[in-house]
Amino acid sequence: MLHYLKENFAHIFEDTLINEINQVGTLKEVREGDKLIEIGDYVRSMPLLISGAIKILREDEDGDELLLYFLERGDTCAMTLTCCLGQTKSEIRAIAELDTTLIMIPIQKMEEWTGKYKSWRNFVFQSYHERLTEMLETIDSIAFFNMDERLVKYLQNKQKVTKDSMINSTHQEIAHELHTSRVVVSRLLKKLENMGKIELYRNGIQIISL
Numbered sequence: 238m239l240h241y242l243k244e245n246f247a248h249i250f251e252d253t254l255i256n257e258i259n260q261v262g263t264l265k266e267v268r269e270g271d272k273l274i275e276i277g278d279y280v281r282s283m284p285l286l287i288s289g290a291i292k293i294l295r296e297d298e299d300g301d302e303l304l305l306y307f308l309e310r311g312d313t314c315a316m317t318l319t320c321c322l323g324q325t326k327s328e329i330r331a332i333a334e335l336d337t338t339l340i341m342i343p344i345q346k347m348e349e350w351t352g353k354y355k356s357w358r359n360f361v362f363q364s365y366h367e368r369l370t371e372m373l374e375t376i377d378s379i380a381f382f383n384m385d386e387r388l389v390k391y392l393q394n395k396q397k398v399t400k401d402s403m404i405n406s407t408h409q410e411i412a413h414e415l416h417t418s419r420v421v422v423s424r425l426l427k428k429l430e431n432m433g434k435i436e437l438y439r440n441g442i443q444i445i446s447l
C-alpha cells in the first residue's frame, strides 16, 4: 500500500502523514458497478482514490437518482467527510464507475490529522471546495441548461472520467442519472447521431466529436 500512497500523494502529504496512513488505512478494490456507500448508512471510514472512478448519486422521494459528480484518482468525497465528522447517516449513494482501488481511512483519524498536519487540513478544504463546485455545476445544468445540453455535458464527463470514447451505458441508465425519461434520452441521442457527433450501439455510445 505504501507505494500507492507515495505514487499518488507524495506531492500533497508529508512523509510522516503518508506513513500514518499506511499504518491505519485499509486497501480496498471494488469492481465496476459495486456499491460502496448506500443512502442511510453510517460512514465509518473515508476513501482516498488510487485508481478508477466513483459516481456519487442522490435520490428523491420517488427513488429516482440524480448524478452529482464523479470522484477520480487522488480525490475524496466531501459528503463522506461531512458524515464522518458529524457521525450522521449518508445522504448519497456511491457506485464504482470503473474497477477502482481505494485506501479507506478510519474516521477517528480525520479530526486528529486536521489538527496535526497542515497538508491534510488543506487537502480536506480543497476537497470540499472541488465537490461544492461540481455540485453547483450540476445545479446550474438543471436550472439553466436544456436537456440536450445536459446530455452532451454528461457524455463529455463520462468520456473524461473513463478516458474512453466508448460509453458503455444503456439509454435507461443515462435517463436514470439525468433524472429524465428513456424516451427523451433516446430521442436526443438519435439527434446527436444524425448530426454525426456520436454512433449508437446496442448497449453503448461511441463519441465522435462533442
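Residue numbers for the sequence shown follow the numbering used here, so the first one is 238 and each next one is one higher.
In this text, a Cβ means the ideal position worked out from N, Cα and C, and glycines have one as well.
Check, Outcome
"Proximity of P284 and L339 at Cβ, strictly below 8 Å", "yes"
"Bridge partners - A333, DSSP secondary structure assignment", "I291"
"Other residues of its chain near I445: CB distance less than 7 Å, five sequence neighbours each side excluded", "G433, K434, I435, E436"
"Beta bridge counterpart(s) of I445 as assigned by DSSP", "None; I445 has no bridge partner."
"Which listed residue (K390, M403, T313) has its alpha carbon closest to that of V361", "T313"
"Sub-8 Å separation of M372 and V421 beta-carbons", "no"
"Pairwise C-alpha distance: E348 and T325", "15 Å"
"DSSP state of Y306 mapped onto helix, strand, coil", "strand"
"Segment contact flag, the stretch 297 to 309 with the stretch 266 to 277, C-beta cutoff 8 Å, min 3 pairs", "no"
"Member of Y354, R439, L429, R295 whose CA lies at the smallest distance from the CA of H413", "R295"
"Proximal residues to E266 (C-beta, below 6 Å), its chain only, five neighbours per side dropped", "T338"
"Contact belief for I455 with S356 at Cβ below 8 Å, rounded distance in angstroms", "The chain is shown only over 238 to 447; residue 455 falls outside these bounds and no answer can be derived."
"Of the residues E328, H240, M341, R268, the one placed nearest G262, counting alpha carbons only", "M341"
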